[in-house]
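So for the sequence shown, UniProt numbering puts the first residue at 1; every next one is plus one.
Where is the CB? At the ideal position from N, CA and C, for every residue including glycine.
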Amino acid sequence: MNEDAGPIFRQIATQLEDAVVDGSLAEESQSPSSNELAAFHRINPATAAKGLNQLVSDGVLYKRRGVGMFVATGAREQLLKRRRSEFADQYLTPLLAEAGKVGITVAEIAAMLHERGDRS
Numbered sequence: 001m002n003e004d005a006g007p008i009f010r011q012i013a014t015q016l017e018d019a020v021v022d023g024s025l026a027e028e029s030q031s032p033s034s035n036e037l038a039a040f041h042r043i044n045p046a047t048a049a050k051g052l053n054q055l056v057s058d059g060v061l062y063k064r065r066g067v068g069m070f071v072a073t074g075a076r077e078q079l080l081k082r083r084r085s086e087f088a089d090q091y092l093t094p095l096l097a098e099a100g101k102v103g104i105t106v107a108e109i110a111a112m113l114h115e116r117g118d119r120s
């Protein structure tokens, strides 16, 4: 775990979200247990459970009594929608504000993006 990346339970939740988004943890598949996560990351099981419970609260995972936690149907699309919105807030809003200050139009920004995207 990375000490600079925020609370450990949040890092656990983010790693599981990443797995749902990239498809390595499919919808309706079983999530790793808090004990499995704790052993793998060498953390307290209560910390891992806190990360899992955050995802239950967010509707990404659901509990099956006596069986474990599973990825909810629609979780991937829910996460993609949230992350796209966060991307816009974190990157596009300040980009457009700065562009407006220096007189760059949205069309010019699009052209810059296309140009740089073609180089990749």
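Environment of residue i [buried if 16+ CB atoms lie within 10 Å]
i           : result
GLN90       : exposed
LEU61       : buried
LEU92       : exposed
residue 143 : Outside the modelled stretch of the chain, which goes from 1 to 120, sits residue 143, for which no answer is possible.
LEU113      : exposed
Inter-residue spacing [alpha-carbon to alpha-carbon] between residue i and residue j
i      : j      : result
LEU79  : THR14  : 10 Å
THR47  : PRO94  : 34 Å
LEU37  : ILE104 : 47 Å
VAL20  : ARG10  : 15 Å
GLU77  : SER57  : 16 Å
PHE40  : GLY117 : 38 Å
ALA49  : LYS81  : 25 Å
SER85  : ASP18  : 16 Å
SER24  : ALA75  : 13 Å
GLY100 : LEU55  : 38 Å
GLY51  : GLU108 : 42 Å
PRO32  : ARG83  : 23 Å
GLY59  : ASP22  : 18 Å
ALA26  : ALA88  : 26 Å
GLU98  : GLN30  : 44 Å
Per DSSP, the bridge partner or partners of residue i
i     : result
ARG64 : GLY68
GLN30 : PHE70
Residues near residue i by beta carbon distance below 7 Å, same chain, minus five either side
i     : result
PRO45 : SER34, ASN35 and ALA38
GLU28 : PHE70, VAL71 and THR73
ALA5  : GLN11
ASN53 : none
Contacting residues, own chain, Cβ-Cβ under 8 Å from residue i (five flanking each side not counted)
i     : result
LEU16 : LEU25, SER31, PRO32, GLY51, LEU52, LEU55, VAL60 and LEU61
Open item on the list: So, does the segment 104–115 touch the segment 64–71, judging by three or more C-beta pairs under 8 Å?
Closed with: no
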